[in-house]
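There are 2 protein chains.
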Amino acid sequence: MTGQVRTVDGRVAGRRGQATRQKLLDCLSEMLSSSPYRDVKVIDVARKAGTSPATFYQYFPDVEGAVLEIADQVAADGAGLAELLEGRSWAGRAGWQTAQELVDGFLDFWKKNDAILRVVDLGAAEGDKRFYKLRMKILNSVNGSLTGAVAELQAKGRVDKDVNPAAVAGSLVTMLAAVASHQKGFTSWGVKQAELKPNLALLVHLGVTGRKPTR
Amino acid sequence: MTGQVRTVDGRVAGRRGQATRQKLLDCLSEMLSSSPYRDVKVIDVARKAGTSPATFYQYFPDVEGAVLEIADQVAADGAGLAELLEGRSWAGRAGWQTAQELVDGFLDFWKKNDAILRVVDLGAAEGDKRFYKLRMKILNSVNGSLTGAVAELQAKGRVDKDVNPAAVAGSLVTMLAAVASHQKGFTSWGVKQAELKPNLALLVHLGVTGRKPTR
DNA sequence: ACTTGTCCTGTCATGACGTCAGCTTACCGA
DNA sequence: TCGGTAAGCTGACGTCATGACAGGACAAGT
Chain A
1 MTGQVRTVDG RVAGRRGQAT RQKLLDCLSE MLSSSPYRDV KVIDVARKAG
51 TSPATFYQYF PDVEGAVLEI ADQVAADGAG LAELLEGRSW AGRAGWQTAQ
101 ELVDGFLDFW KKNDAILRVV DLGAAEGDKR FYKLRMKILN SVNGSLTGAV
151 AELQAKGRVD KDVNPAAVAG SLVTMLAAVA SHQKGFTSWG VKQAELKPNL
201 ALLVHLGVTG RKPTR
Chain B
1 MTGQVRTVDG RVAGRRGQAT RQKLLDCLSE MLSSSPYRDV KVIDVARKAG
51 TSPATFYQYF PDVEGAVLEI ADQVAADGAG LAELLEGRSW AGRAGWQTAQ
101 ELVDGFLDFW KKNDAILRVV DLGAAEGDKR FYKLRMKILN SVNGSLTGAV
151 AELQAKGRVD KDVNPAAVAG SLVTMLAAVA SHQKGFTSWG VKQAELKPNL
201 ALLVHLGVTG RKPTR
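From first to last, the protein sequence lines are chains A and B. Following the UniProt record's numbering, the numbering of the first sequence begins with 1 at its first residue and continues without gaps. Following the UniProt record's numbering, the numbering of the second sequence begins with 1 at its first residue and continues without gaps.
Laid out in structure tokens, this is it:
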């Protein structure tokens with residue numbers, strides 16, 4: 001399935017090599033959590049992994065290349081977010097629960113991977129196609145389902161004709177991602193974590209169904 | 001009012017110095033638009049401004065310091081976003097128009113300053129207080145008014161009691177900012193610019209009033 | 001022990017960083 | 001007109017990260 005892991009100079013990596021490679025990725029991940037992206041240096045990652053910069057360059061072209069690798073793993077994990085919406089109903093009380101669980105799951109995922117995700121966000125915003133694609137891969141899992149839900153309700157006449165399902169779904173997903181990235185900002189607006197979630201769920205429910213939830 | 005502009009080593013900057021300083025800021029701004037933040041180097045900015053790196057360091061401690069300066073100017077400009085909501089009504093047709101104009105104004109502002117704003121966003125997400133404060137300064141102008149609008153409707157009983165005005169307003173503002181940053185992402189979801197805006201306005205209207213707009 | 005291929009690092013040229021002393025320019029009062 | 005003074009700029013320098021290479025260390029099979 002996935003082609004063998006290869007070093008930059010074309011050799012196939014063996015067991016030991018793969019371990020070193022992974023260790024470098026882990027250390028890079030940690031560094032991204034603890035220092036600004038701009039200040040993450042190859043030499044620091046290598047030192048932290050107990051190896052030399054030259055070793056780093058054997059496995060990755062540069063910091064960005066390694067970041068893309070991590071992001072790939074996260075994106076694969078993120079595809080599981082689709083389950084949050086698989087076979088869920090948006091009607092009545094069930095709809096309210098669907099919205100709540102979506103918000104919960106999404107925020108958890110984002111929080112767990114916040115460091116790498118904000119780098120992906122930056123790369124995508126800067127127009128880098130590789131980051132852009134990864135961001136899409138993550139968001140699409142949720143966005144597709146959400147678009148489908150809106151379109152379905154629209155077909156049943158329960159949502160206005162002039163609503164664009166993809167636009168609404170995309171905006172909601174983007175909102176969830178951004179709010180997750182800036183949760184701290186809400187505390188200075190006097191909003192606590194616990195209060196934030198139901199209000200987000202409310203917005204999602206309103207956006208998808210056009211109606212207030214029945215709780 | 002504003003204390004005199006000073007060089008890093010404490011001298012006050014005269015006319016010529018201020019011009020050089022501003023030129024450096026302008027060139028930095030351009031570079032932020034054309035290359036990834038991580039790759040913006042002092043030496044490139046200086047070259048572009050037709051001066052030497054040493055001159056750059058006379059006015060700014062580092063690239064980040066200069067970015068903060070630009071962001072300050074943008075934040076001052078962004079305070080004007082409050083006008084988009086000053087004295088507006090959220091009732092009936094007027095409410096729909098308010099939502100539309102808010103979306104329009106916000107997206108325009110973000111697009112005009114996208115390069116610097118995504119750096120501010122990154123800094124804030126990374127927990128840097130200086131960037132965080134600037135982001136707040138920009139968003140507060142809109143968020144305050146929006147929170148007020150929701151709270152007012154809530155007082156009149158037209159919005160549910162258990163809605164947290166600040167949480168809803170903050171989420172909507174965050175959504176606008178994020179969507180503006182990732183407008184390109186929507187095209188790959190098959191959503192055109194022109195379609196995006198009314199759907200965003202719909203979400204804003206729904207969030208603020210809890211009802212569909214009358215158009 | 002010997003070969004083979006993987007894995008790592010010492011070393012080096014290159015180039016960015018950030019500081020400093022010192023040169024040039026502009027302004028101002030005598 | 002002529003210094004004097006402060007502003008403005010840069011060349012030069014030590015330090016450090018980058019990225020490439022060749023060669024040494026190591027494990028595994030023969």
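Beta carbons are placed, not taken as given, at the ideal position from N, Cα and C, and that holds for glycine.
Can you grab the Cα-Cα spacing for the pair residue i / residue j, in whole Å?
{"i": "tryptophan 189 of chain A", "j": "alanine 166 of chain B", "result": "7 Å"}
{"i": "alanine 124 of chain B", "j": "lysine 156 of chain A", "result": "43 Å"}
{"i": "residue 226 of chain A", "j": "alanine 201 of chain B", "result": "Past the edges of chain A, shown from 1 to 215, lies residue 226 of chain A, and the structure says nothing about it."}
{"i": "methionine 1 of chain B", "j": "isoleucine 43 of chain A", "result": "Confidence in methionine 1 of chain B is poor, its pLDDT being 44 and thus under 50, which makes the residue's placement unreliable; the coordinate value appears in the next sentence. Going by the C-alpha atoms only, they are around 45 Å apart."}
{"i": "threonine 147 of chain A", "j": "leucine 206 of chain B", "result": "18 Å"}
{"i": "valine 5 of chain B", "j": "lysine 112 of chain B", "result": "26 Å"}
{"i": "serine 141 of chain A", "j": "arginine 16 of chain B", "result": "55 Å"}
{"i": "tryptophan 90 of chain A", "j": "aspartate 77 of chain A", "result": "25 Å"}
{"i": "lysine 212 of chain B", "j": "leucine 139 of chain B", "result": "25 Å"}
{"i": "glycine 14 of chain B", "j": "threonine 55 of chain B", "result": "14 Å"}
{"i": "serine 52 of chain B", "j": "glycine 10 of chain B", "result": "19 Å"}
{"i": "aspartate 160 of chain B", "j": "arginine 93 of chain A", "result": "17 Å"}
{"i": "arginine 47 of chain B", "j": "glutamate 30 of chain B", "result": "13 Å"}
{"i": "residue 225 of chain A", "j": "leucine 134 of chain A", "result": "There is no way to answer for residue 225 of chain A, as the model of chain A reaches only from 1 to 215."}
{"i": "arginine 21 of chain A", "j": "alanine 71 of chain A", "result": "15 Å"}
{"i": "glutamine 183 of chain A", "j": "glycine 170 of chain B", "result": "10 Å"}
{"i": "aspartate 26 of chain B", "j": "alanine 19 of chain B", "result": "10 Å"}
{"i": "leucine 117 of chain B", "j": "phenylalanine 106 of chain A", "result": "24 Å"}
{"i": "aspartate 162 of chain B", "j": "glutamine 97 of chain A", "result": "16 Å"}
Going by other Cβ atoms of all chains shown within 10 Å of its Cβ, with 16 needed for buried, is residue i buried or exposed?
{"i": "proline 198 of chain B", "result": "buried"}
{"i": "alanine 99 of chain B", "result": "buried"}
{"i": "glycine 95 of chain A", "result": "buried"}
{"i": "alanine 115 of chain B", "result": "buried"}
{"i": "proline 61 of chain A", "result": "exposed"}
{"i": "valine 67 of chain A", "result": "buried"}
{"i": "glycine 87 of chain A", "result": "exposed"}
{"i": "serine 34 of chain A", "result": "exposed"}
{"i": "serine 145 of chain B", "result": "buried"}
{"i": "alanine 194 of chain B", "result": "exposed"}
{"i": "glycine 210 of chain A", "result": "buried"}
{"i": "alanine 79 of chain A", "result": "exposed"}
{"i": "tyrosine 59 of chain A", "result": "buried"}
Below 8 Å on C-beta distance, what does residue i contact in chain B?
{"i": "asparagine 199 of chain A", "result": "Val163, Asn164, Ala167, Val168, Ser171"}
{"i": "glutamate 126 of chain A", "result": "Pro36, Tyr37, Arg118"}
To the nearest whole angstrom, what separates the beta carbons of residue i and residue j, a pair I think is in contact under 8 Å?
{"i": "methionine 136 of chain A", "j": "alanine 178 of chain B", "result": "About 15 Å separates the two Cβ atoms, so there is no contact after all."}
{"i": "valine 40 of chain A", "j": "valine 63 of chain A", "result": "6 Å"}
{"i": "valine 8 of chain A", "j": "tyrosine 57 of chain A", "result": "7 Å"}
{"i": "arginine 38 of chain B", "j": "arginine 38 of chain A", "result": "5 Å"}
Run through chain A and tell me which residues come within less than 9 Å of residue i, C-beta to C-beta.
{"i": "glutamate 179 of chain B", "result": "In the sequence under discussion, the amino acid at residue 179 of chain B is valine, which differs from the glutamate named in the question. Per Cβ cutoff of 9 Å: Gly170, Ser171, Thr174, Met175, Ala178."}
Show which residues of chain B have a CB atom less than 9 Å away from the CB atom of residue i.
{"i": "glycine 105 of chain A", "result": "Near glycine 105 of chain A there are no residues of chain B at all, since even the closest Cβ is about 17 Å away, more than 9 Å."}
{"i": "glutamate 195 of chain A", "result": "Asn164, Ala166, Ala167"}
Hey, would you say residue i sits closer than 8 Å to residue j, going by beta carbons?
{"i": "leucine 102 of chain B", "j": "valine 168 of chain A", "result": "no"}
{"i": "valine 12 of chain A", "j": "leucine 28 of chain A", "result": "no"}
{"i": "valine 208 of chain A", "j": "alanine 149 of chain A", "result": "yes"}
{"i": "aspartate 121 of chain B", "j": "serine 181 of chain B", "result": "yes"}
{"i": "asparagine 143 of chain B", "j": "valine 191 of chain A", "result": "no"}
{"i": "phenylalanine 186 of chain A", "j": "leucine 196 of chain A", "result": "yes"}
{"i": "alanine 49 of chain B", "j": "leucine 24 of chain B", "result": "yes"}
{"i": "glutamate 126 of chain A", "j": "proline 36 of chain B", "result": "yes"}
Which residues in chain A sit within 7 Å of residue i, going by Cβ to Cβ distance?
{"i": "serine 188 of chain B", "result": "Met136"}
{"i": "valine 74 of chain B", "result": "By Cβ distance, chain A contributes nothing, its closest Cβ being about 16 Å from valine 74 of chain B, past 7 Å."}
{"i": "valine 191 of chain B", "result": "Asn164, Ala166, Ala167, Gly170"}
Chain B partners of residue i, CB-CB under 7 Å?
{"i": "leucine 203 of chain A", "result": "Val168, Ser171, Gly207"}
Using a C-beta to C-beta distance shorter than 8 Å, which residues of chain A count as neighbours of residue i?
{"i": "aspartate 160 of chain B", "result": "Lys212"}
{"i": "leucine 24 of chain B", "result": "Within 8 Å Cβ-Cβ: nothing; leucine 24 of chain B doesn't reach chain A, min ~18 Å."}
{"i": "glycine 185 of chain B", "result": "Ala124, Tyr132, Arg135, Met136, Leu139, Gly170, Thr174"}
{"i": "asparagine 113 of chain B", "result": "Neighbours of asparagine 113 of chain B on chain A: none; closest Cβ ~13 Å, over 8 Å."}
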